[in-house]
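Numbering (UniProt numbering), first residue to last: 1 to 237.
Cβ atoms here follow ideal geometry from the backbone N, Cα and C, with glycine treated the same way.
What follows is a short report on a single structure.
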């Protein structure tokens, strides 16, 4: 199973063994992608599903706490009151509870594995400015070189700011504009100079180079890692 619906818990038959089968089939495909060192879109999907289940679990706990209770007695050791719930969960809610409690650690385990791959790739990336760094960093170019591959991908990037829950976050949009093979003696500074001639709307562009010391898939892994490295650099400036 390549994809897992966002409402997979409540969609269709609500049965623990059936949902377990669906989840494990999905995680098997995620594992296959991780074995190929392909992080995305699997990593983003895992985080989304994990957060959905945590929200569902917390919502159920909150709802259960609102059910009426009757005082049953006192725990003499802890001196706490013991209550008995007057409204019990039906079989469907109990089944969902079992599915959620089983799935959360499974998803978390896959997320942790994805994080390890991400950190490995990030640790093997070298980030450096190309030429002088201008004051304006919200738009420019990113040169991406994947290990020993002779080709370098050239991206044009644009940073954005968006608000979520009264907090500001930086986002980034990148467009692949060229894939170049440097000639002998050609420097990345000369690549930048050619970009300035080619795109006159950016006369003094911020230009950065990310070189990976390990060969990894570009689109599903290196590009997402490069995006976060670039956002982190600009945000710290």
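To the nearest angstrom, report how far apart residue i and residue j are at their CA atoms.
{"i": "residue 159", "j": "residue 36", "result": "30 angstroms"}
{"i": "residue 107", "j": "residue 38", "result": "17 angstroms"}
{"i": "residue 214", "j": "residue 34", "result": "15 angstroms"}
{"i": "residue 171", "j": "residue 130", "result": "22 angstroms"}
{"i": "residue 3", "j": "residue 192", "result": "40 angstroms"}
{"i": "residue 114", "j": "residue 227", "result": "17 angstroms"}
{"i": "residue 233", "j": "residue 101", "result": "39 angstroms"}
{"i": "residue 132", "j": "residue 25", "result": "50 angstroms"}
{"i": "residue 18", "j": "residue 40", "result": "26 angstroms"}
{"i": "residue 238", "j": "residue 161", "result": "Only positions 1 to 237 of the chain appear in the structure, and residue 238 is not among them; the question remains open."}
{"i": "residue 42", "j": "residue 174", "result": "20 angstroms"}
{"i": "residue 32", "j": "residue 204", "result": "43 angstroms"}
{"i": "residue 196", "j": "residue 190", "result": "10 angstroms"}
{"i": "residue 235", "j": "residue 136", "result": "12 angstroms"}
{"i": "residue 194", "j": "residue 219", "result": "25 angstroms"}
{"i": "residue 188", "j": "residue 202", "result": "17 angstroms"}
{"i": "residue 12", "j": "residue 149", "result": "47 angstroms"}
{"i": "residue 217", "j": "residue 30", "result": "15 angstroms"}
{"i": "residue 249", "j": "residue 109", "result": "In the structure as shown, the chain starts at 1 and stops at 237, and residue 249 therefore has no counterpart that could be examined."}
{"i": "residue 147", "j": "residue 183", "result": "17 angstroms"}
{"i": "residue 50", "j": "residue 169", "result": "21 angstroms"}
{"i": "residue 200", "j": "residue 59", "result": "54 angstroms"}
{"i": "residue 8", "j": "residue 21", "result": "12 angstroms"}
{"i": "residue 116", "j": "residue 198", "result": "39 angstroms"}
Between which residues of its own chain and residue i is the CB-CB distance below 7 angstroms, once the five residues before and five after are set aside?
{"i": "residue 225", "result": "118, 121, 122 and 125"}
{"i": "residue 23", "result": "103 and 106"}
Which residues in the same chain as residue i place their Cβ atom closer than 8 angstroms to its Cβ, once the five residues preceding and following it in sequence are excluded?
{"i": "residue 48", "result": "6"}
{"i": "residue 54", "result": "104"}
{"i": "residue 92", "result": "14"}
{"i": "residue 10", "result": "96"}
{"i": "residue 16", "result": "95, 98, 99 and 102"}
{"i": "residue 181", "result": "150, 151 and 152"}
Which residues does DSSP list as the beta-bridge partners of residue i?
{"i": "residue 173", "result": "158"}
{"i": "residue 178", "result": "154"}
{"i": "residue 126", "result": "211"}
{"i": "residue 206", "result": "140"}
{"i": "residue 145", "result": "152 and 211"}
Tell whether a beta-carbon distance below 8 angstroms holds between residue i and residue j.
{"i": "residue 222", "j": "residue 142", "result": "no"}
{"i": "residue 46", "j": "residue 111", "result": "yes"}
{"i": "residue 206", "j": "residue 134", "result": "yes"}
{"i": "residue 208", "j": "residue 176", "result": "no"}
{"i": "residue 157", "j": "residue 140", "result": "yes"}
For residue i, which residues in the same chain have their Cβ closer than 6 angstroms to its Cβ, ignoring the five residues on either side in sequence?
{"i": "residue 145", "result": "152 and 211"}
{"i": "residue 179", "result": "151 and 153"}
{"i": "residue 57", "result": "100"}
{"i": "residue 127", "result": "210 and 229"}
{"i": "residue 138", "result": "159"}
Is any beta-carbon of chain D found at less than 8 angstroms from that of residue i?
{"i": "residue 209", "result": "Of the protein chains in the structure, only one exists, and it is not chain D."}
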